[in-house]
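Enquirer: In full-length UniProt numbering, the protein residues as written are 1 to 294. After the structure tokens below, expect a handful of questions from me.
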Ligand code: A3P
């Protein structure tokens, strides 16, 4: 798998100057924490957990997500350039990106393994990711790439077999690529399903990786602020992806939508599921990363 970011440019990204700018110019600080995920894998939940641990529960509760944890490779619909936004943040910064690891190679390879930005990766099973993405992209008016198929059976095939058309990069290359860095001292891999099942455990591991002393109060506050219900009701999180809030979402659609493991069972037909299983097995051949589907 190529570690040259230029090889990762897809049809969708090839026109996005911001992506090339991030790859070439974004200046990371040694104390940055970078949440890197394939979209719909639990990014926001992980940003909130890290925000509580690093920036504190008060700031997490009272500041819009984008203001305290900018999405560095996303600029459409935002009032300010997110790279600029990131530049003005106090340190340590909690940053979000959906770019594959090749785009961050400079800070992983140019520096010593122990000194430099820390990367938190979240992996979620591809079936639930594609379901979550379907609801996201059909529920918001924000996506202005190619038209989004409004039938799930068309959507998932398009997103999986023609990545770059209706979603970002290829989910398998993305996760396999990060997985190959799982033993790097500055890389920590979380699984969405583990967070949903036992968040306290994952918060403890995260705090250890980030070097944060986790008191009982901080653990309690983190669990409280990152509960599904709290995040859904918090206007600083739900809908806040582009800050124009509810106007960007169709009535009844939610960014913080269901938060479950296995919603794919309500979307794929038996035949589609078998087809997807075969494809997943093919794409994950030779890789010891195992997804959790239920
Ligand atoms: P669903 O659409 O399956 O509900 P991302 O932040 O990467 O876009 O991921 C969004 C997914 O994470 C959505 O999944 C969302 O509901 C889920 N999520 C967000 N906050 C959550 C929480 N506190 N607990 C469980 N799932 C959460």
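Cβ atoms here follow ideal geometry from the backbone N, Cα and C, with glycine treated the same way.
Identify, in the order they occur along the chain, each residue of the same chain with its Cβ nearer than 6 Å to the Cβ of residue 100, setting aside the five sequence neighbours on each side.
Expert: Only 8, 169, 174, 177 meet the Cβ criterion.
Enquirer: Is residue 219 helix, strand or coil when you go by DSSP?
Expert: It is helical.
Enquirer: Please confirm whether residue 158 and residue 98 have their CB atoms less than 9 Å apart.
Expert: No.
Enquirer: Please list the terminal residues of the continuous beta strand (DSSP E) segment that includes residue 99.
Expert: Element bounds for residue 99: n/a, residue is neither H nor E.
Enquirer: Counting along the chain, where does the beta strand (DSSP E) carrying residue 36 start and finish?
Expert: Its beta strand (DSSP E) spans residues 33 to 37.
Enquirer: Count the other CB atoms, across all protein chains shown, that sit within 10 Å of the CB of residue 296; report buried if there are 16 or more and exposed otherwise.
Expert: Residue coverage of the chain in this structure runs from 1 to 294, which leaves residue 296 outside it and unanswerable.
Enquirer: Shortest alpha-carbon distance to residue 51 belongs to which of 26, 206, 254, 260?
Expert: Selected option, being the one with the closest Cα: 206.
Enquirer: Ligand 1 and residue 40: does the residue's C-beta get closer than 8 Å to at least one heavy atom of that ligand?
Expert: Yes, ligand 1 has a heavy atom inside 8 Å of this Cβ.
Enquirer: Please determine, among 94, 22, 293, the residue with the shortest C-alpha to C-alpha distance to residue 102.
Expert: Taking only the C-alpha atoms, the option nearest residue 102 is 22.
Enquirer: Please classify residue 112 as buried or exposed, where buried requires at least 16 other C-beta atoms within 10 Å of its C-beta.
Expert: With fewer than 16 Cβ atoms within 10 Å of its Cβ, residue 112 is classed as exposed.
Enquirer: Here's the rule: buried if 16 or more other CB atoms are within 10 angstroms of the residue's CB, otherwise exposed. What is residue 288?
Expert: So residue 288 ends up on the exposed side.
Enquirer: Any heavy atom of ligand 1 closer than 8 Å to the Cβ of residue 84?
Expert: No, the beta carbon of residue 84 sits no closer than 8 Å to any heavy atom of ligand 1.
Enquirer: Check whether the Cβ of residue 127 sits closer than 8 Å to any heavy atom of ligand 1, and report yes or no.
Expert: Flag unset: Cβ of residue 127 not near ligand 1.
Enquirer: Residue 34 and residue 120: beta carbons closer than 9 Å?
Expert: For residue 34 and residue 120, yes; Cβs fall inside 9 Å.
Enquirer: DSSP on residue 72, reduced to helix/strand/coil?
Expert: In this structure, residue 72 counts as coil in the three-state DSSP scheme.
Enquirer: Anyone know if the C-beta pair for residue 278 and residue 132 falls short of 9 Å?
Expert: Taking 9 Å as the Cβ cut-off, residue 278 and residue 132 do not qualify as a contacting pair.
Enquirer: Look at the alpha carbon of residue 183 and the alpha carbon of residue 116, and state the distance between them as a whole number of angstroms.
Expert: About 15 Å.
Enquirer: Can residue 27 and residue 87 be called in contact, C-beta distance under 9 Å?
Expert: Taking 9 Å as the Cβ cut-off, residue 27 and residue 87 qualify as a contacting pair.
Enquirer: Over the uninterrupted beta strand (DSSP E) stretch that includes residue 190, give me the two end residues.
Expert: Start and end: 187 to 191.
Enquirer: Can you tell me which of the three DSSP states residue 95 falls into?
Expert: Residue 95: strand per DSSP, three-state reduction.
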